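Engineer: Dumping the structure here so I can ask a few things about it.
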Amino acid sequence: MNSAAASSLATEAAVLRKVTRRLLPFLFVLYVVAYLDRVNVGFAALQMKAALRFSDPVYGFGAGMFFVGYLLFQIPSNIFLVKFGARRWIAVLMIAWGVISSCMMLVHTTAGFYTLRFLLGAAEAGFFPGIIFYLTFWFPANVRARSVSWFLMAMPLAGVIGGPLAGALLSLHGARGLAGWQWLFLLEGLPAILLGAAVRFVLTEKPADAHWLTDPERATLLGALEREGKASAIPRGSFLSEIVLRGEVWLLCGAYFTLLWSSYGLGLWLPEVVKNFSGYSNWGTGLISAIPFVAAVAVMGLVAARSDRTQKPHVHFAVSAFGGAAAFALSTQFHSVVPSTICLSIAVAGIYSAFGPFWAMPGEILSGASSAAGIAFINSLGNLGGLFGPYVTGKAKEITGTFVAATLILGAMLLLSACLALLAKSSRRRHQVSE
Numbered sequence: 029m030n031s032a033a034a035s036s037l038a039t040e041a042a043v044l045r046k047v048t049r050r051l052l053p054f055l056f057v058l059y060v061v062a063y064l065d066r067v068n069v070g071f072a073a074l075q076m077k078a079a080l081r082f083s084d085p086v087y088g089f090g091a092g093m094f095f096v097g098y099l100l101f102q103i104p105s106n107i108f109l110v111k112f113g114a115r116r117w118i119a120v121l122m123i124a125w126g127v128i129s130s131c132m133m134l135v136h137t138t139a140g141f142y143t144l145r146f147l148l149g150a151a152e153a154g155f156f157p158g159i160i161f162y163l164t165f166w167f168p169a170n171v172r173a174r175s176v177s178w179f180l181m182a183m184p185l186a187g188v189i190g191g192p193l194a195g196a197l198l199s200l201h202g203a204r205g206l207a208g209w210q211w212l213f214l215l216e217g218l219p220a221i222l223l224g225a226a227v228r229f230v231l232t233e234k235p236a237d238a239h240w241l242t243d244p245e246r247a248t249l250l251g252a253l254e255r256e257g258k259a260s261a262i263p264r265g266s267f268l269s270e271i272v273l274r275g276e277v278w279l280l281c282g283a284y285f286t287l288l289w290s291s292y293g294l295g296l297w298l299p300e301v302v303k304n305f306s307g308y309s310n311w312g313t314g315l316i317s318a319i320p321f322v323a324a325v326a327v328m329g330l331v332a333a334r335s336d337r338t339q340k341p342h343v344h345f346a347v348s349a350f351g352g353a354a355a356f357a358l359s360t361q362f363h364s365v366v367p368s369t370i371c372l373s374i375a376v377a378g379i380y381s382a383f384g385p386f387w388a389m390p391g392e393i394l395s396g397a398s399s400a401a402g403i404a405f406i407n408s409l410g411n412l413g414g415l416f417g418p419y420v421t422g423k424a425k426e427i428t429g430t431f432v433a434a435t436l437i438l439g440a441m442l443l444l445s446a447c448l449a450l451l452a453k454s455s456r457r458r459h460q461v462s463e
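The sequence shown lines up with residues 29 to 463 when you count with the numbering used here.
Rendered as structure tokens:
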């Protein structure tokens, strides 16, 4: 590499670091709040199920109803995002789901529980794929897995924060006539409303609008993104031929479906799983529940960085998923706090380490105008795993009386996820050879 090329790469890296510092911390906080509002029902269930007399399948189905709304409104929401712009639409979504999340405190019937979880999913539907699409405006593919993983670290960090916070809020039980689970929903919905109001003042729509970059920095970033677009090896056709008729896209949908089956099948039941093997109070359960997410935070960035360095996201996805599946299987052999917590930590770390490499994979298949719709398509169908995972976990627990069978099912889904990702890579190679 000559000195001019080395200098160009160094300049580009410096610009990307500046973009990272400017955008990712705020996006990270937004997703922490989004994920807390999505999964806090798992902690609320420690009191809510008994107070409202919800059975395990009723709770599991209601928790999963979030993903029905998520599926139905995903693509329409992203169409609106493209039409109105990321800043405006993300602000609207956050305020809407913050209000709905706080209104969960009013639930007193099964129908009300199902309805509000559905509406919460509908309101959140455009947020995650919209942010993933937004990041493609700012980060070339060779650093995208790392940037997405820094953003996705909000998920396990939300678990680190959410466990102790939920335990503290549940301890407010009876204050001012409200149950602890009602305080949890009320107070955890407010940050989304406040941050939603701040989005339009903090985010920049596209690099061309970035006044916080100098003219040379802006030109460097736009040049890198333009080169990536021209380097695409796949001819771009219609939406139908590029997305719906591509086998690789459906395999990625399946890989994401099974990954989220395991993720939410565990995540929305984790407080009860921990309480079951530990016997601790709600506060102690919250603290123990945070440990697996600490492990996930520690591992995610390392896996994503290596995925970017080697440019092998499928391999890193599969290895992470295989490791998580093995930990799920091993966890069924223990029933005490320390070994059970270690196994759950490895399983959670495996699940969350797979997310960053996964979202680098669609960029190998899709680009340009179809990218937003393609990401939404994969995300929406994949998120149906979030409906089936919690419900099947609850049903298996009701039938067997323990979480053993449910845990083995979660591990099997994670194993299948790894296999589907490897098949997607194999299909991609065959497609390239045939062109």
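We treat Cβ as the ideally placed atom computed from N, Cα and C, and that holds for glycine.
Just so you know, these numbers come straight off a predicted model, no measurement behind them.
(1) Helix or strand or just coil, what does DSSP make of Tyr162?
(2) In terms of alpha-carbon separation, which member of Val110, Phe82 and Arg337 lies closest to Gly158?
(3) For Leu147, which option in Leu99, Ile427 and Pro244 has the closest C-alpha, if you only look at C-alpha atoms?
(4) Would you report the Cα separation of His342 and Leu134, rounded to the nearest angstrom?
(5) Measure the CB-CB distance between Ala449 and Phe350 and report whether it falls below 8 Å.
(6) Measure the CB-CB distance between Leu287 and Ser445 and report whether it falls below 8 Å.
(7) Could I get the ranges of all uninterrupted alpha helix (DSSP H) runs contained in the region 71-123, with 4 residues as the minimum, in chain order?
(8) Closer than 8 Å is the cut-off here; do at least three beta carbon pairs connect the region 65-76 with the region 198-209?
(9) Using a Cβ-Cβ cutoff of less than 8 Å, which residues in the same chain neighbour Arg246 once the five nearest sequence positions on both sides are dropped?
(10) Taking the straight line between their C-alpha atoms, what separation do you get for Gly265 and Arg274?
(11) Let me make sure I understand the geometry here. Which of Leu330, Leu280, Gly92 and Ser105 has the alpha-carbon closest to that of Thr421?
(12) Helix, strand or coil: which one does DSSP assign to Ser462?
(13) For Phe416, count the other beta carbons within 10 Å of its own beta carbon; 16 or more makes it buried, fewer makes it exposed. Which is it?
(14) Look up Glu233 in the DSSP assignment and say whether it is helix, strand or coil.
(15) What's the C-alpha gap between Ala203 and Ser309?
(16) By a C-beta neighbour count over all protein chains shown, 10 Å radius and 16 as the cutoff for buried, is Ser83 buried or exposed?
(17) For Gln210, does the three-state DSSP call read helix, strand or coil?
(18) Leaving out the 5 sequence neighbours to the left and right, which residues in its chain are closer than 6 Å to Leu249 when beta-carbon positions are compared?
(19) Please name the residue, chosen from Thr143, Asn106 and Val227, that lies closest to Val86 on a Cα-to-Cα basis.
(20) Report yes if the CB atom of Asn68 is closer than 8 Å to the CB atom of Leu212, and no otherwise.
(21) Does DSSP classify Val135 as helix, strand or coil?
(22) At what residues does the alpha helix (DSSP H) containing Asn68 begin and finish?
(23) Suppose you measure from the CA of Leu197 to the CA of Phe405; what does that come to, to the nearest Å?
(24) Starting from the Cα of Trp311, find the closest Cα among Pro192, Ala434, Val61 and Phe156 and give me that residue.
(25) Look at the alpha carbon of Trp289 and the alpha carbon of Pro299, and state the distance between them as a whole number of angstroms.
(26) Using the three-state DSSP reduction, which class does Leu5 fall into: helix, strand or coil?
(27) Just mark Leu37 as buried or exposed, buried being the case when its beta carbon has 16 or more other beta carbons within 10 Å.
(28) Okay, do the region 371-389 and the region 44-52 touch, 3+ Cβ pairs below 8 Å being the bar?
(29) At what residues does the alpha helix (DSSP H) containing Phe305 begin and finish?
(30) Going by DSSP in three states, Met389 sits in which element: helix, strand or coil?
(31) Using 8 Å for Cβ pairs, my map puts Ser291 next to Ile379. What's the rounded Cβ distance?
(32) Using a Cβ-Cβ cutoff of less than 6 Å, which residues in the same chain neighbour Gly217 once the five nearest sequence positions on both sides are dropped?
(33) Out of Gly149, Phe167, Val176 and Gly293, state which residue places its alpha-carbon closest to the alpha-carbon of Tyr419.
(34) Taking contact to mean 3 or more Cβ pairs, one atom from each stretch, closer than 8 Å, check whether the region 108-123 and the region 223-234 are in contact.
(35) Just list the alpha helix (DSSP H) runs in the region 308-374, keeping only unbroken ones of 4 residues or longer that don't cross its boundaries, in chain order.
(36) Measuring alpha carbon to alpha carbon, tell me which of Ala139, Val325 and Tyr63 ends up nearest Leu296.
Structural biologist: Let's see:
(1) Looking at Tyr162 - three-state DSSP - the assignment turns out to be helix.
(2) Val110
(3) Leu99
(4) 44 Å
(5) no
(6) yes
(7) Under the rule that a run must span 4 or more residues, the alpha helix (DSSP H) segments found entirely inside the region 71-123 read 84-92 and 94-112.
(8) yes
(9) Pro235, Ala236 and Ala238
(10) Residue placement at Gly265 cannot be trusted, given a pLDDT of 47 that sits under 50; what the coordinates show is reported in the next sentence. Taking the straight line from one Cα to the other gives about 11 Å.
(11) That would be Gly92, whose Cα lies nearest to the Cα of Thr421.
(12) Only weak support exists for where Ser462 lies, its pLDDT of 49 falling under 50; the value from the coordinates is given anyway. Helix, per DSSP.
(13) buried
(14) Judged by DSSP in its simplified three-state form, Glu233 adopts coil rather than helix or strand.
(15) Ala203 and Ser309 have their C-alpha atoms spaced approximately 19 Å apart.
(16) exposed
(17) helix
(18) Answer for Leu249: Val43 and Pro235, listed in chain order.
(19) Thr143
(20) Yes. Within cutoff.
(21) Three-state DSSP puts Val135 in coil, outside helix and strand.
(22) First-last for Asn68: undefined, no H or E at that position.
(23) Within the model, the alpha-carbon separation for Leu197 versus Phe405 is close to 36 Å.
(24) Pro192
(25) 17 Å
(26) Residue coverage of the chain in this structure runs from 29 to 463, which leaves residue 5 outside it and unanswerable.
(27) exposed
(28) no
(29) Residue range Leu298 to Ser306 is occupied by the alpha helix (DSSP H) that includes Phe305.
(30) coil
(31) At roughly 5 Å, the Cβ-Cβ gap stays under 8 Å, so Ser291 and Ile379 are in contact.
(32) Answer for Gly217: Gly126, Ser129 and Ser130, listed in chain order.
(33) Gly293
(34) yes
(35) 310-338 and 341-359
(36) Tyr63
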